[in-house]
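Here is the structure we will look at, set down as structure tokens.
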Amino acid sequence: MPMALPQISLSFMGTEVMFRYLPEIELGNKGEKLSLFGIGAKHSVSRYIPLIPIDVAVQVLYNKLEITNLVESKNLAFNAHASKTFGILSPYFGLQFESSSLDLTYEINGDPLSGDPALQVDKKVSVSLDGDNSFRATLGACLKLAVIVLNADVSLGSQTTFSGGLSFEF
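Numbering (my numbering), first residue to last: 44 to 213.
If you want it as structure tokens, here you go:
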């Protein structure tokens, strides 16, 4: 599902800090709200090895998506990636380990007229799932046009995903 997600990144001395935030969005008349928070850090390790002809960095990312009183999804990722800039084009490749969890809580309203006594009372259901902690490989490129940056990539893991982006660098 396509989704725009605001993210701010600040860089200094080979380290970049990223922050994602989606303010609470009202989802209906039952009081549920959708929110998202994410943070990450990336550090260039190639700056310590001046002889290698590519840029290499390591990164850690954390995201939490929540729907009030219903869903809480968390994921954590560690990756290493390499890139090389050729004028305005920068192809990149990365390997990432991912870990995720999902907690789902909801209520079933009982039916007092049901012939089954188990279905006559209200019940609270809670389910917790751990994701398929796995590795993924990413291959892509970005195009820098003054302050506008366009990127596209494909990630191969337990599921294949395609992504694209538009960002502004100052």
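Heads up, the beta-carbon is just placed ideally off N, CA and C, and yes, glycines get one too.
Just so it is clear, the structure is predicted and the values come from calculations on it, not from any experiment.
8 Å Cβ shell around Leu-162 - same chain, five flanking residues per side excluded = Taking the first residue of the sequence shown as 1, we reach residue 162 at position 119. The residues are Gly-153, Asp-154.
Compare the beta carbon distance of Glu-67 and Lys-73 with 8 Å and say whether it is the shorter of the two.
-> Counting from one through the sequence shown, the residue named residue 67 turns up at place 24. Counting from one through the sequence shown, the residue named residue 73 turns up at place 30. Cβ distance not < 8 Å, so Glu-67 and Lys-73 don't count as in contact.
Could you tell me which residues DSSP pairs with Gln-139 in its beta bridges?
-> Taking the first residue of the sequence shown as 1, we reach residue 139 at position 96. Beta-bridge annotation (DSSP): Gln-139 is paired with Asn-122, Arg-179.
Would you call the CB atoms of Leu-138 and Asn-122 closer than 8 Å?
-> The residue given as residue 138 occupies position 95 in the sequence shown. The residue given as residue 122 occupies position 79 in the sequence shown. With contacts defined by Cβ atoms closer than 8 Å, Leu-138 and Asn-122 form a contacting pair.
Would you verify that the beta carbon of Leu-77 is, or is not, closer than 8 Å to some beta carbon of chain B?
-> Here chain B cannot be found, since the structure has a single protein chain.
Using a Cβ-Cβ cut-off of 6 Å (strictly less than) and excluding sequence neighbours within five positions of Arg-90, which residues of its own chain qualify?
-> Stepping through the sequence shown from its first residue, residue 90 is reached at position 47. Sequence-distant partners of Arg-90 (beyond 5 residues in either direction) whose C-beta falls short of 6 Å from its own C-beta, in its chain, are Gly-57.
Alpha carbon to alpha carbon, how far is Ile-151 from Ala-180? Give it in angstroms, no decimals.
-> Here residue 180 corresponds to residue number 137 of the sequence shown, with the count starting at 1. Here residue 151 corresponds to residue number 108 of the sequence shown, with the count starting at 1. Cα-Cα distance, rounded: 41 Å.
Beta-carbon proximity check, Val-192 vs Ser-206, cutoff 8 Å | The sequence position of residue 192 within the sequence shown is 149, counting from 1. The sequence position of residue 206 within the sequence shown is 163, counting from 1. At least 8 Å separates the beta-carbon of Val-192 from that of Ser-206.
Where Ser-201 falls: helix, strand or coil (DSSP) = Against the sequence shown, residue 201 aligns to sequence position 158. In the three-state DSSP reduction, Ser-201 falls in the coil class, being neither helix nor strand.
Helix, strand or coil: which one does DSSP assign to Ala-214?
-> In the structure as shown, the chain starts at 44 and stops at 213, and residue 214 therefore has no counterpart that could be examined.
Within 10 angstroms of the Cβ of Gly-183, are there 16 or more other Cβ atoms? Answer buried if so, exposed if not.
-> Here residue 183 is taken as the residue at index 140 of the sequence shown, counted from 1. Classification of Gly-183: buried, given that the 10 Å Cβ count is 16 or more.
Starting from the C-beta of Ile-97, find all residues in its chain whose C-beta is less than 8 Å away, skip the five residues before and the five after it, and write them out in chain order.
-> The residue given as residue 97 occupies position 54 in the sequence shown. Counting only Cβ-Cβ distances below 8 Å, and skipping sequence neighbours, we find Ser-89, Ala-125, Ser-126, Lys-127.
Once you ignore the five residues that flank Val-170 on each side, which residues in its own chain have a CB closer than 6 Å to its CB?
-> Translated into the one-based positions of the sequence shown, residue 170 becomes position 127. The residues are Leu-147.
Going straight from the alpha carbon of Ile-82 to that of Gly-174, what length do you get?
-> Here residue 82 corresponds to residue number 39 of the sequence shown, with the count starting at 1. Here residue 174 corresponds to residue number 131 of the sequence shown, with the count starting at 1. Taking the straight line joining both Cα atoms gives about 20 Å.
Quick one: is Glu-141 buried, meaning 16 or more other Cβ sit within 10 Å of its Cβ, or exposed?
-> For the purposes of this step, residue 141 is taken as residue 98 along the sequence shown, with counting starting at 1. The C-beta of Glu-141 has 16 or more other C-beta atoms within 10 Å across all chains shown, which makes the residue buried.
Anticipated Cβ contact below 8 Å, Ser-116 with Cys-185, distance rounded = The count along the sequence shown starts at 1 and reaches residue 116 at position 73. The count along the sequence shown starts at 1 and reaches residue 185 at position 142. About 27 Å; that fails the 8 Å criterion.
Leaving out the 5 sequence neighbours to the left and right, which residues in its chain are closer than 8 Å to Asp-165 when beta-carbon positions are compared?
-> Taking the first residue of the sequence shown as position 1, residue 165 is located at position 122. So the qualifying residues of the chain are Glu-150, Ile-151, Asn-152, Gly-153.
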